[in-house]
Amino acid sequence: MVNVYVSASNLTKRGGGESDWYGILNVDPLADYVTVKKQYKRLALLLHPDKNKYNGAKEAFNLVFDAWSLLSDHSKRAAYDEQRKYKEQQQK
Numbered sequence: 172m173v174n175v176y177v178s179a180s181n182l183t184k185r186g187g188g189e190s191d192w193y194g195i196l197n198v199d200p201l202a203d204y205v206t207v208k209k210q211y212k213r214l215a216l217l218l219h220p221d222k223n224k225y226n227g228a229k230e231a232f233n234l235v236f237d238a239w240s241l242l243s244d245h246s247k248r249a250a251y252d253e254q255r256k257y258k259e260q261q262q263k
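Position one of the sequence shown corresponds to residue 172 (the numbering used here), numbered consecutively onward.
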């Protein structure tokens, strides 16, 4: 759960203003759809509020869901990847 929160705040701390969706799911930016889906399912089961009663589990689950919503949509993912590349170039 901590990894989800750390990844969510990584780009925000660097001034990017957006969460690291790949980091939230703990997948490589080059990961294929099947890999992303498997990792989403694994984290969703682990963090689902009905199964996990720890403080912050619901918020972590919501972050994982948001990451999946973006990364599972081809056009949203492509736009996000372009945005990441642009921000990385600006930081150099």
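Ideal Cβ positions, reconstructed from N, Cα and C, are used throughout, including at glycine.
Predicted model only: the values in this text are computed from it and were never measured.
Look at residue i and residue j and say whether their C-beta atoms are less than 8 angstroms apart.
i           : j           : result
residue 192 : residue 251 : yes
residue 216 : residue 231 : no
How far does the alpha helix (DSSP H) with residue i in it reach, from first residue to last?
i           : result
residue 198 : Per DSSP, residue 198 belongs to no alpha helix (DSSP H) and is neither H nor E.
Express the C-alpha separation of residue j and residue i in angstroms, rounding to a whole number.
i           : j           : result
residue 172 : residue 263 : Unreliable positioning characterises residue 172 in this predicted model, as indicated by a pLDDT of 49, which lies under 50. The coordinate reading is nonetheless provided below. C-alpha separation (whole angstroms): 31 angstroms.
residue 213 : residue 198 : 12 angstroms
residue 183 : residue 259 : Only weak support exists for where residue 183 lies, its pLDDT of 44 falling under 50; the coordinates are left without a value.
residue 196 : residue 202 : 11 angstroms
residue 243 : residue 233 : 15 angstroms
Taking its Cβ as the centre, do 16 or more other Cβ atoms sit within 10 Å of residue i, making it buried, or is it exposed?
i           : result
residue 205 : exposed
residue 190 : buried
residue 254 : exposed
residue 238 : buried
residue 210 : buried
Checking contacts by CB at 8 angstroms: is residue i closer than that to chain D?
i           : result
residue 255 : In the structure shown, chain D does not exist; there is a single protein chain.
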